[in-house]
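Its first residue numbered 1, the sequence shown is counted upward by one per residue in my numbering.
Don't be surprised by glycine CBs; every beta carbon is placed ideally from N, CA and C.
Keep in mind it's a predicted model, so treat the numbers as computed, not measured.
All remarks here apply to the structure that follows.
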Amino acid sequence: MNLFTQAVISGLMIGAVYTFLGIGLVLVYRTSRILNLAHGETFAITGVVAALLATKAGLPLAVSLALAVLVALAFALCLHRFVLRPRAEWPAGTLILITLGAAFVVRGLLILAAGTDPVSFPALFAGAPLRIAGGVIPLQGIALVLLGFGVSTAVGVYLAATRPGKQLLAAAENPFAAELLGVNVERARLTAYAIGGLLGALAGILLIPLIAVDFQSGLAMTLRGFIAAAISGMSPVG
Numbered sequence: 001m002n003l004f005t006q007a008v009i010s011g012l013m014i015g016a017v018y019t020f021l022g023i024g025l026v027l028v029y030r031t032s033r034i035l036n037l038a039h040g041e042t043f044a045i046t047g048v049v050a051a052l053l054a055t056k057a058g059l060p061l062a063v064s065l066a067l068a069v070l071v072a073l074a075f076a077l078c079l080h081r082f083v084l085r086p087r088a089e090w091p092a093g094t095l096i097l098i099t100l101g102a103a104f105v106v107r108g109l110l111i112l113a114a115g116t117d118p119v120s121f122p123a124l125f126a127g128a129p130l131r132i133a134g135g136v137i138p139l140q141g142i143a144l145v146l147l148g149f150g151v152s153t154a155v156g157v158y159l160a161a162t163r164p165g166k167q168l169l170a171a172a173e174n175p176f177a178a179e180l181l182g183v184n185v186e187r188a189r190l191t192a193y194a195i196g197g198l199l200g201a202l203a204g205i206l207l208i209p210l211i212a213v214d215f216q217s218g219l220a221m222t223l224r225g226f227i228a229a230a231i232s233g234m235s236p237v238g
């Protein structure tokens, strides 16, 4: 095995995960001005729920993943709609601490549901790994890298070339001016949380079969997303 090639392959897979998490984190921050420290919990929720449904309840993998994504999406939307939005006038620092509290609530629920041991579920893309220049990359890893680039491109196109995307950017840049121009700022914020939740869930679907997940994974993924966001200058399109 060529260690350099393997390091490059691993870096590409990790970078793809950073992309998913970073884009969602930035969209939420730019539209709401809140650094959502519970952002990575969508990753952990997706993994734990899918693992329990697929391995414990015996549901088909596709059904398990679909239900897990819905749970993660519901968490992201409820966090905004029922926890953060009613307290929108509170200081930003307080709201950030509230998101941290939400992350710890999720951690507790995940421990109750699955314990403290890591859990996982079967890969969507099974088969012999691809060997490239002395390195080895699983098919799931290939999908992760390709979708990482694809999703970042799709989000960029959505924001730059579609009416809802432009409205989301307008709400992010100046919510007061956007409202005067007829933009539904609240809807834009809800959309940002939805996209962030879906991207976190997608990262979980693609990465967790390779590394497993436990109750601590959420905050770890939030940190990784923040690193990607900081590198991009807190811009969702680079």
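| query | For the stretch 186–193 against the stretch 21–39, are there 3 or more C-beta pairs whose distance is under 8 Å? | reply | yes
| field | Cβ contact (3+ pairs, closer than 8 Å) linking the stretch 110–118 and the stretch 212–229 | value | yes
| query | Just reading off the alpha helix (DSSP H) that G150 is part of, what are its end residues? | reply | 139–161
| task | Let me know the secondary structure DSSP gives R33 once reduced to three states. | result | coil
| request: Go ahead and pull the three-state DSSP assignment for R213. | output: Reading off the sequence, residue 213 comes out as Val, not Arg. It is a strand residue.
| task | Give me the Cα-Cα distance between G24 and G40, rounded to the nearest whole angstrom. | result | 10 Å
| message | For I205 and L84, which I take to be in contact (beta-carbon distance under 8 Å), what is that distance rounded to the nearest angstrom? | response | Contact flag wrong, Cβ pair sits at about 26 Å.
| So L70 packs on A203, CB below 8 Å; how close in whole Å? | Contact doesn't hold; Cβ gap of about 16 Å is too wide.
| field | Three-pair Cβ contact test at 8 Å for the stretch 145–164 versus the stretch 2–16 | value | yes
| said: Please tell me whether F43 and G182 are closer than 8 Å, where the distance is taken between their beta carbons. | reply: no
| The alpha helix (DSSP H) enclosing R87, as first and last residue numbers | Careful: R87 lies outside any alpha helix (DSSP H) and carries neither H nor E.
| field | Beta-carbon contacts of N36 that lie in its chain and below 6 Å, excluding the five residues immediately before and after | value | V28, T99
| For the stretch 4–11 against the stretch 117–135, are there 3 or more C-beta pairs whose distance is under 8 Å? | yes
| message | For a test of the three-state rule: what should DSSP assign to L130, helix, strand or coil? | response | strand
| Taking C-alpha atoms, which residue in L207, H80, A177, R81 lies nearest to A50? | L207
| request: Excluding the 5 residues preceding and the 5 following P175 in the sequence, name in chain order all residues of the same chain whose CB lies nearer than 6 Å to its CB. | output: V185
| task | Note down the Cα distance separating R187 from A38, rounded to an integer number of angstroms. | result | 20 Å
| Spatial distance of A220 from L95 (CA atoms) | 20 Å
| When the distance is taken between beta carbons, is G127 closer than 8 Å to L139? | yes
| field | G47: first and last residue of the uninterrupted alpha helix (DSSP H) it sits in | value | 41–51
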